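S.K.: I'd like to ask some things about the structure below.
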Amino acid sequence: MSRLALRIARKLDLFGEEVAINGTTHIKAFVQVLDTGRMHAYLDDTEAAVMVRPGLLLITSDDAALAVNDTLTRDGRTFTVRKVSTERALGEMVVKIAVMS
Numbered sequence: 079m080s081r082l083a084l085r086i087a088r089k090l091d092l093f094g095e096e097v098a099i100n101g102t103t104h105i106k107a108f109v110q111v112l113d114t115g116r117m118h119a120y121l122d123d124t125e126a127a128v129m130v131r132p133g134l135l136l137i138t139s140d141d142a143a144l145a146v147n148d149t150l151t152r153d154g155r156t157f158t159v160r161k162v163s164t165e166r167a168l169g170e171m172v173v174k175i176a177v178m179s
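Just so we're aligned, residue 79 is where the sequence shown starts under the numbering used here, counting upward by one.
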């Protein structure tokens, strides 16, 4: 794991919210409401048009078990992972970003 990935993992451990994926797997993540600007950074126009709002943007470690169609329940609402992107720095995976609706 790169130094940057280790730093991000420490920040997730300190400040991240613990979330349950599919009701069983617990991961630490930063969870944000998905605004229109960020939505278009990760989704094309067709995908953005069918998003149920408000969506969520979930940022977690690169080794988190997270895939399309996984679910997360938060504040009494169930969200489904629509897209997962693995972000890299200097050729190494650093974080996973999931778009949820």
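Ideal placement from N, C-alpha and C gives every residue a C-beta, glycine not left out. What you are looking at is a predicted structure, and each value in this text was computed from that prediction instead of being measured.
(1) Less than 8 angstroms between the C-beta atoms of L135 and R116, yes or no?
(2) Taking R152 as the reference, give the member of E125, N100, I86, A142 with the closest Cα.
(3) Can you confirm whether the segment 124 to 131 touches the segment 82 to 94 when touching is taken to mean that 3 or more C-beta pairs between the two stretches lie within less than 8 angstroms?
(4) Please say whether D140 and V173 have beta carbons closer to each other than 8 angstroms?
(5) Helix or strand or just coil, what does DSSP make of L92?
(6) Between the Cα of K266 and those of S179, T114, E170, R155, spot the shortest distance and give me the residue it belongs to.
(7) Relative to the alpha-carbon of G94, which residue among T102, K106, A87 has its alpha-carbon at the smallest distance?
(8) Please report how far the alpha carbon of Y120 lies from the alpha carbon of V177, in whole angstroms.
M.R.: In terms of the structure at hand:
(1) Between L135 and R116, the C-beta gap is smaller than 8 angstroms, which places the two residues in contact.
(2) Measuring C-alpha to C-alpha distances from R152 to each of E125, N100, I86, A142 identifies N100 as the nearest.
(3) Contact between the segment 82 to 94 and the segment 124 to 131 is absent, because fewer than three Cβ pairs lie under 8 angstroms.
(4) Cβ distance < 8 angstroms, so V173 and D140 count as in contact.
(5) In this structure, DSSP gives L92 a helical state, which the three-state scheme calls helix.
(6) Residue numbering for the chain in the displayed model covers 79 to 179; residue 266 lies beyond these limits and cannot be assessed.
(7) For the residues T102, K106, A87, the minimum Cα distance to G94 belongs to K106.
(8) If I take the Cα positions, the gap works out to 8 angstroms.
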